[in-house]
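Q:
Residue numbers (my numbering): 21 to 230.
1) Helix, strand or coil for residue 113? Go by DSSP, reduced to three states.
2) Does the count of Cβ pairs from the stretch 129 to 144 and the stretch 197 to 212 closer than 8 Å reach three?
3) What's the call for residue 154, buried or exposed, on a 16-neighbour Cβ count within 10 Å?
4) Assuming residue 197 contacts residue 169 (C-beta within less than 8 Å), just tell me the rounded distance between them.
5) Under the rule that 16 or more other beta-carbon atoms within 10 Å means buried, what is residue 166, buried or exposed?
6) Work out the CA separation of residue 229 and residue 83 for me, nearest whole Å.
7) Just reading off the alpha helix (DSSP H) that residue 95 is part of, what are its end residues?
8) Count the other CB atoms, across all protein chains shown, that sit within 10 Å of the CB of residue 150; report buried if there are 16 or more and exposed otherwise.
9) Residue 23: which of 183, 200, 137, 186 sits nearest, CA to CA?
This is how it looks when you write it as structure tokens:
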């Protein structure tokens with residue numbers, strides 16, 4: 021029973037770390053601002069740097085803030101199919117936020133129980149669980165990100181609205197594939213860093229308790 025409880029708490033904590041890393045990765049607008057210059061997005065898209073940032077900021081707020089109303093890009097035109105796609109993306113991120121809150125609540129309760137029982141094994145188990153994701157996901161990312169990107173969209177979405185026509189959905193020009201690659205790498209680094217930190221804390225506490 022103790023072992024099952026340990027696995028359950030560790031799993032909840034791992035899910036909390038992963039979901040929070042996704043949210044933090046998406047919220048890191050400064051990474052995109054760097055890409056705007058680094059990837060020369062302004063010249064490629066034909067939009068000014070300020071206009072690009074304005075519309076990108078709106079997309080992030082739309083995805084993460086459920087209080088933002090109906091999809092309506094500030095200055096860039098879009099098709100009905102494009103609007104539907106962004107609504108579907110928003111639903112995914114809203115689901116991730118729900119997972120974040122639920123797993124966070126369970127993790128806090130689990131940590132309180134573990135502290136009372138002087139059980140530090142959850143740190144080690146959580147560290148192992150979370151470190152597996154960056155290792156598994158980074159392999160296809162490094163080998164062939166384009167293939168991974170396409171298969172991911174085919175798996176997650178039931179339509180092909182994610183295949184944008186730049187003529188009717190020019191917003192795709194401010195979202196080159198490398199942007200998603202960089203965000204993905206950032207998320208993996210946050211997860212990896214948290215996993216290493218948990219392992220260090222576990223080993224330090226384990227030494228003190230011996």
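Even for Gly, the Cβ is constructed at its ideal location relative to N, Cα and C.
A: So, to answer that:
1) The residue labelled residue 113 in the question sits at position 93 within the chain shown. DSSP, reduced to helix, strand and coil, places residue 113 within a helical segment of the structure shown.
2) Cβ pair count under 8 Å is below three, so no.
3) One-based indexing of the chain shown puts residue 154 at position 134. It counts as buried.
4) Residue 197 sits at position 177 when you count from the first residue of the chain shown. Residue 169 sits at position 149 when you count from the first residue of the chain shown. Between residue 169 and residue 197 the Cβ distance is about 6 Å, and since that is below 8 Å, they are a contact.
5) Here residue 166 is taken as the residue at index 146 of the chain shown, counted from 1. By the neighbour-count criterion, in which 16 or more other beta carbons inside 10 Å mark a residue as buried, residue 166 falls on the exposed side.
6) Taking the first residue of the chain shown as position 1, residue 83 is located at position 63. Taking the first residue of the chain shown as position 1, residue 229 is located at position 209. Approximately 45 Å, taken between the alpha carbons.
7) Locating residue 95 in the chain shown gives position 75, counting from the first residue. Going by DSSP, residue 95 is part of no alpha helix (DSSP H) at all; its letter is neither H nor E.
8) Here the question's residue 150 lines up with position 130 in the chain shown. Of the other Cβ atoms in all chains shown, 16 or more fall within 10 Å of the Cβ of residue 150; this residue is therefore buried.
9) Here the question's residue 23 lines up with position 3 in the chain shown. It is 137 whose Cα lies nearest to the Cα of residue 23.
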